[in-house]
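**Q** Residue numbers (full-length UniProt numbering), protein chains in the order written: chain A, 1 to 199; chain B, 1 to 199; chain C, 1 to 199; chain D, 1 to 199.
No residue lacks a Cβ here, since even glycine has one placed at the ideal position from N, Cα and C.
Number of protein chains: 4
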Amino acid sequence: MNNKIKGPYSLNSKAVAEATRHWMQERGVTVDEIAELVMFLQQKYYPTLTMEECVHNVEMVLSKREVQNAVLTGIQLDVLAEEGKLFTPLQDMIENDEGLYGVDEILAFSIVNVYGSIGFTNYGYVDKLKPGVLERLNDKSTGQVHTYLDDIVGAIAAAASSRIAHRKQAEREQELGLPHAPEDVEEAARKPAAEDKLE
Amino acid sequence: MNNKIKGPYSLNSKAVAEATRHWMQERGVTVDEIAELVMFLQQKYYPTLTMEECVHNVEMVLSKREVQNAVLTGIQLDVLAEEGKLFTPLQDMIENDEGLYGVDEILAFSIVNVYGSIGFTNYGYVDKLKPGVLERLNDKSTGQVHTYLDDIVGAIAAAASSRIAHRKQAEREQELGLPHAPEDVEEAARKPAAEDKLE
Amino acid sequence: MNNKIKGPYSLNSKAVAEATRHWMQERGVTVDEIAELVMFLQQKYYPTLTMEECVHNVEMVLSKREVQNAVLTGIQLDVLAEEGKLFTPLQDMIENDEGLYGVDEILAFSIVNVYGSIGFTNYGYVDKLKPGVLERLNDKSTGQVHTYLDDIVGAIAAAASSRIAHRKQAEREQELGLPHAPEDVEEAARKPAAEDKLE
Amino acid sequence: MNNKIKGPYSLNSKAVAEATRHWMQERGVTVDEIAELVMFLQQKYYPTLTMEECVHNVEMVLSKREVQNAVLTGIQLDVLAEEGKLFTPLQDMIENDEGLYGVDEILAFSIVNVYGSIGFTNYGYVDKLKPGVLERLNDKSTGQVHTYLDDIVGAIAAAASSRIAHRKQAEREQELGLPHAPEDVEEAARKPAAEDKLE
Numbered sequence: 001m002n003n004k005i006k007g008p009y010s011l012n013s014k015a016v017a018e019a020t021r022h023w024m025q026e027r028g029v030t031v032d033e034i035a036e037l038v039m040f041l042q043q044k045y046y047p048t049l050t051m052e053e054c055v056h057n058v059e060m061v062l063s064k065r066e067v068q069n070a071v072l073t074g075i076q077l078d079v080l081a082e083e084g085k086l087f088t089p090l091q092d093m094i095e096n097d098e099g100l101y102g103v104d105e106i107l108a109f110s111i112v113n114v115y116g117s118i119g120f121t122n123y124g125y126v127d128k129l130k131p132g133v134l135e136r137l138n139d140k141s142t143g144q145v146h147t148y149l150d151d152i153v154g155a156i157a158a159a160a161s162s163r164i165a166h167r168k169q170a171e172r173e174q175e176l177g178l179p180h181a182p183e184d185v186e187e188a189a190r191k192p193a194a195e196d197k198l199e
Numbered sequence: 001m002n003n004k005i006k007g008p009y010s011l012n013s014k015a016v017a018e019a020t021r022h023w024m025q026e027r028g029v030t031v032d033e034i035a036e037l038v039m040f041l042q043q044k045y046y047p048t049l050t051m052e053e054c055v056h057n058v059e060m061v062l063s064k065r066e067v068q069n070a071v072l073t074g075i076q077l078d079v080l081a082e083e084g085k086l087f088t089p090l091q092d093m094i095e096n097d098e099g100l101y102g103v104d105e106i107l108a109f110s111i112v113n114v115y116g117s118i119g120f121t122n123y124g125y126v127d128k129l130k131p132g133v134l135e136r137l138n139d140k141s142t143g144q145v146h147t148y149l150d151d152i153v154g155a156i157a158a159a160a161s162s163r164i165a166h167r168k169q170a171e172r173e174q175e176l177g178l179p180h181a182p183e184d185v186e187e188a189a190r191k192p193a194a195e196d197k198l199e
Numbered sequence: 001m002n003n004k005i006k007g008p009y010s011l012n013s014k015a016v017a018e019a020t021r022h023w024m025q026e027r028g029v030t031v032d033e034i035a036e037l038v039m040f041l042q043q044k045y046y047p048t049l050t051m052e053e054c055v056h057n058v059e060m061v062l063s064k065r066e067v068q069n070a071v072l073t074g075i076q077l078d079v080l081a082e083e084g085k086l087f088t089p090l091q092d093m094i095e096n097d098e099g100l101y102g103v104d105e106i107l108a109f110s111i112v113n114v115y116g117s118i119g120f121t122n123y124g125y126v127d128k129l130k131p132g133v134l135e136r137l138n139d140k141s142t143g144q145v146h147t148y149l150d151d152i153v154g155a156i157a158a159a160a161s162s163r164i165a166h167r168k169q170a171e172r173e174q175e176l177g178l179p180h181a182p183e184d185v186e187e188a189a190r191k192p193a194a195e196d197k198l199e
Numbered sequence: 001m002n003n004k005i006k007g008p009y010s011l012n013s014k015a016v017a018e019a020t021r022h023w024m025q026e027r028g029v030t031v032d033e034i035a036e037l038v039m040f041l042q043q044k045y046y047p048t049l050t051m052e053e054c055v056h057n058v059e060m061v062l063s064k065r066e067v068q069n070a071v072l073t074g075i076q077l078d079v080l081a082e083e084g085k086l087f088t089p090l091q092d093m094i095e096n097d098e099g100l101y102g103v104d105e106i107l108a109f110s111i112v113n114v115y116g117s118i119g120f121t122n123y124g125y126v127d128k129l130k131p132g133v134l135e136r137l138n139d140k141s142t143g144q145v146h147t148y149l150d151d152i153v154g155a156i157a158a159a160a161s162s163r164i165a166h167r168k169q170a171e172r173e174q175e176l177g178l179p180h181a182p183e184d185v186e187e188a189a190r191k192p193a194a195e196d197k198l199e
């Protein structure tokens, strides 16, 4: 990245968000499937958790630029590997999901990190077990390459799980009548007028 | 961390937030001083940036639990090292800000990471130059130990700078009439009613 | 850390290595138990893997300063929490292995990272399943606090697994008569003699 | 990455190492130029440091698979952006070194991390100052795209600086007759012969 604001180039955050949606769908992954991974990870801790909440939290994770950047970059590399357009030996490493190639994990981790370190364990767990959509993405017999998307989808589910943990704690404090200090997001939500002016 | 919700123990997020404030003040660091580091880092990119905005963004960084955890843990280790209460050789390593001891940087990075990778460069830059409050924290002649706080303060300034970059981009898109997609925080702010119910 | 070499303070790397050994033993964790986690993680990929190899790779992970720093810092915080000597609310958070406290994971990750991103998944997997020694460390009924050590032990096992993956790949290339380029460690070892003898 | 060893695909580590060399040269970056960045970062701490040592340490960083993976992936994305072959809006973001695009920093950090957290500061510092080769890579008027390589080169210099810090500490302990515990690399080297000869 570069801190300088350049004249002609104008980022359009909506285009970035929409491209992220488009490409996840194009590669066969739905928000509902990621929400199912979240439910798989979180229902034992929050028995009343609904699929609607899981979907909402996946959506919120997908609204983050850091996440969109990682998704788009990873899918781009998968697509190019599938088309055989990368140079050797990167082509082989990504096409074969090579054991010593870990850049896919690095991108995945930048997604988990957006909601902090408490998501590390959940990421590793679903990445090993490959439940639901991850099993399909990991099927090497289709000719499709999902070396990046596989890890990215697990990371989005882990990040959404972390987001839920923060929200549930806030709910719990409020129910118990404990003093509560909102984090960034919640404070923003509480002060719509002031924040609007700021933004 | 542990995903299980335990019966008797009830986290009080307000107590965590207040302890963070208390201990930063106790160790001699003010929000204004951190805001000055933010201004130092960002004014060339945003000439109209005000100290008020810098202060607000530092406050928002400090409202994050991930940040509070790192601040409290780091200051605790500094205080114990100052009192000579750590075991050998950890005592020596922290007391002397040992060159091969990098756990302070690791905690600092968990702070920067909350607002993504675009803050890495700013962190390294202020950590090397040691402007303003960082020079005082880094003064080894006082008998005080700020091995952790030194890096943590730079990390908070870098994270606040990243937060500003995201906000300024949003402002710029809106001014240019470009389509704009809010990130998590902004969406929360835009929908106070719906979010209130959710939260 | 601080890049300046200071006059009076002289780090003794052997003291750091020995303190790491001492404190792991003092807290009830043996190298063999960590090696068993490595075997648990790796035997399906390398059916001929021996416990001796697992032990050796754990030892090599433990010889790294970055790892020793994290181990000593984490155990120190566990011990102080067990003795009730941390300030509030950090005391409560570490003593209760609080769900939103993730500094233990951050330290664990600095250990995994020493052998690269390919260990992320293994770390998360054992941290969720808690096999072997991890189950004992995670037992909250003993009065002992292992909030950090629990994650650190899983991280050492994951790092040793990554180290094995690199070594096995090198062995495999040599068996297949493929051209082989040693990494840092192997090149160092190869200069005076053959790598086979070393392993 | 995928832990499964697959039948037909055989990684050739030498091909990966050679492709890394080839592509760095192809994109106009020499080992000597990176060594100059190392000298810029380290000479005030080690006045007797030679360019030969800097070159050797850059070479050792470049021999690591984790580093090679990041270099190849980053250069591939730069090349494709230069050729206009990425999909929109990723094409625009990488071509314009977009301020909120931070995947380049994430890859850079995976390089720094191989030698631990003590390199974070050096990375940020050169990435901000852009001395030597970094100024040329950062020149946007050439039509070339070095969004990734720019950060990667700074990261290699920072990692080599961390490697030097570890080596110099080992040398210093030996000169002072302090007990010395070799890290992984040195132990490997010491077994057949003395470390002095190696370095």
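As a quick exercise: from C:Ser63, C:Ser110, C:Asn57, C:His22, pick the residue whose alpha carbon is nearest that of Phe87 (chain B).
**A** The shortest C-alpha separation from Phe87 (chain B) is found at C:His22.
**Q** Answer with yes or no whether the minimum CB distance from Tyr101 (chain C) to chain B is below 9 Å.
**A** So yes, Tyr101 (chain C) belongs to the interface.
**Q** Leaving out the 5 sequence neighbours to the left and right, which residues in its chain are closer than 7 Å to Ser161 (chain C) when beta-carbon positions are compared?
**A** Closer than 7 Å at Cβ, skipping near neighbours: Val38, Leu41, Gln42, Gly119, Asn122.
**Q** In angstroms, rounded to a whole number, what distance separates the CA positions of Gly84 (chain C) and Val71 (chain B)?
**A** So the two alpha carbons sit approximately 19 Å from each other.
**Q** Got a sec: is the Cβ-Cβ distance from Gln76 (chain D) to anything in chain B below 9 Å?
**A** It does not; no Cβ of chain B falls within 9 Å.
**Q** What's the C-alpha gap between Gln68 (chain C) and Val61 (chain C)?
**A** Computed Cα separation, rounded: 9 Å.
**Q** Let me know the secondary structure DSSP gives Ser161 (chain C) once reduced to three states.
**A** Ser161 (chain C) falls in the helix class under three-state DSSP.
**Q** Mind checking Pro47 (chain C): buried by the 16 CB within 10 Å criterion, or exposed?
**A** Per the 10 Å Cβ criterion, exposed.
**Q** Using the Cβ count rule (16 or more neighbours within 10 Å means buried), how would you classify Lys168 (chain C)?
**A** Burial call: buried.
**Q** May I have the straight-line CA-CA distance separating Ala194 (chain D) from Glu105 (chain D), to the nearest angstrom?
**A** Residue confidence for Ala194 (chain D) is low, a pLDDT of 36 falling below 50, so the modelled location carries little weight; the figure read from the coordinates is stated next. Spanning the two alpha carbons is a distance of roughly 38 Å.
**Q** Does DSSP put Val145 (chain D) in a helix, in a strand, or in coil?
**A** DSSP places Val145 (chain D) in coil when its eight states are reduced to three.
**Q** Cβ closer than 8 Å: which chain C residues qualify as neighbours of Leu107 (chain B)?
**A** Correct list: Val103, Ile106.
**Q** Measure the alpha-carbon distance for Asn3 (chain D) versus Tyr45 (chain C) and round it to whole angstroms.
**A** Any reading at Asn3 (chain D) needs caution, since the residue's pLDDT is 46, under 50, leaving its predicted position unreliable; the model's value is listed next. Their Cα atoms are separated by approximately 7 Å.
**Q** Straight-line CA distance for Leu198 (chain A) to Thr50 (chain B)?
**A** In this prediction, Leu198 (chain A) scores a pLDDT of 35, lower than 50, which makes its location untrustworthy; no coordinate-derived value is stated.
**Q** Could you tell me which chain D residues have their CB closer than 9 Å to the CB of Pro131 (chain A), listed as they occur along the chain?
**A** Those within 9 Å of Pro131 (chain A) in chain D number zero; the least Cβ separation is about 16 Å.
**Q** Taking the straight line between their C-alpha atoms, what separation do you get for Asn138 (chain C) and His146 (chain C)?
**A** The straight-line gap from Cα to Cα measures roughly 7 Å.
**Q** My output table needs one value for Glu195 (chain C): the three-state DSSP class, helix, strand or coil.
**A** With a pLDDT of only 36 at Glu195 (chain C), under 50, the local geometry of the prediction cannot be trusted, and the value read off the model is given with reservation. Helix.
**Q** Hey, quick one: how far does the alpha helix (DSSP H) through Tyr125 (chain A) stretch, first residue to last?
**A** Unbroken alpha helix (DSSP H) run through Tyr125 (chain A): 120 to 129.
**Q** If you reduce the DSSP assignment to three classes, tell me which class Phe87 (chain C) lands in.
**A** Note: Phe87 (chain C) maps to coil in three-state DSSP.
**Q** Ignore the nearest five residues each way along the sequence and tell me which others in Ala108 (chain D)'s own chain have a CB closer than 6 Å to its CB.
**A** Contacts found: Asp151, Ile152, Ala155.
**Q** Determine whether the beta carbon atoms of Gly124 (chain C) and Tyr148 (chain A) lie at a separation below 9 Å.
**A** Cβ atoms of Gly124 (chain C) and Tyr148 (chain A): not closer than 9 Å.
**Q** Under 7 Å between beta-carbons, which chain D residues line up against His166 (chain B)? List them in chain order, please.
**A** Result: Leu100.
**Q** Excluding the five sequence neighbours on either side, which residues of its own chain have a C-beta within less than 7 Å of the C-beta of Pro179 (chain A), listed in chain order?
**A** Excluding residues within five positions, none has a Cβ falling inside 7 Å.
**Q** Are there 16 or more other CB atoms within 10 angstroms of the CB of residue 200 (chain D), so buried, or fewer, so exposed?
**A** Outside the shown range of chain D (1 to 199) lies residue 200 (chain D), about which nothing can therefore be said.
**Q** Do you know offhand how far Pro89 (chain C)'s Cα is from Ala35 (chain A)'s?
**A** Using only the alpha carbons, I get a separation of about 34 Å.
**Q** Buried or exposed: where does Leu100 (chain C) fall if 16 or more other Cβ atoms within 10 Å of its Cβ makes it buried?
**A** With 16 or more Cβ atoms within 10 Å of its Cβ, Leu100 (chain C) is classed as buried.
**Q** Leaving out five residues before and five after Lys130 (chain C) in sequence, what residues of the same chain have Cβ atoms less than 6 Å from its Cβ?
**A** Cβ neighbours of Lys130 (chain C) beyond the five flanking positions: Asn138.
**Q** How far does the alpha helix (DSSP H) with Asn57 (chain D) in it reach, from first residue to last?
**A** Segment 51 to 62, the alpha helix (DSSP H) holding Asn57 (chain D).
**Q** Secondary structure at Thr20 (chain B), three-state DSSP: helix, strand or coil?
**A** Three-state result, Thr20 (chain B): helix.
**Q** I'd like the span of the alpha helix (DSSP H) that includes Gly74 (chain B), first residue to last.
**A** 65 to 82 is the extent of the alpha helix (DSSP H) around Gly74 (chain B).
**Q** If contacts are defined as beta-carbon pairs under 8 Å, then Ser110 (chain A) and Glu183 (chain B) qualify, I think. What distance do you get, rounded to the angstrom?
**A** The Cβ separation is near 15 Å, so there is no contact.
**Q** Throw me the rounded Cβ distance for the Gly74 (chain A) and Glu66 (chain D) pair, which I believe falls under 8 Å.
**A** Rounded, the Cβ-Cβ distance is 18 Å, inconsistent with contact.
**Q** Could you name the residues of chain A that His180 (chain B) contacts, counting a contact when the two beta carbons are closer than 7 Å?
**A** Those within 7 Å of His180 (chain B) in chain A are Ser13, Lys14.
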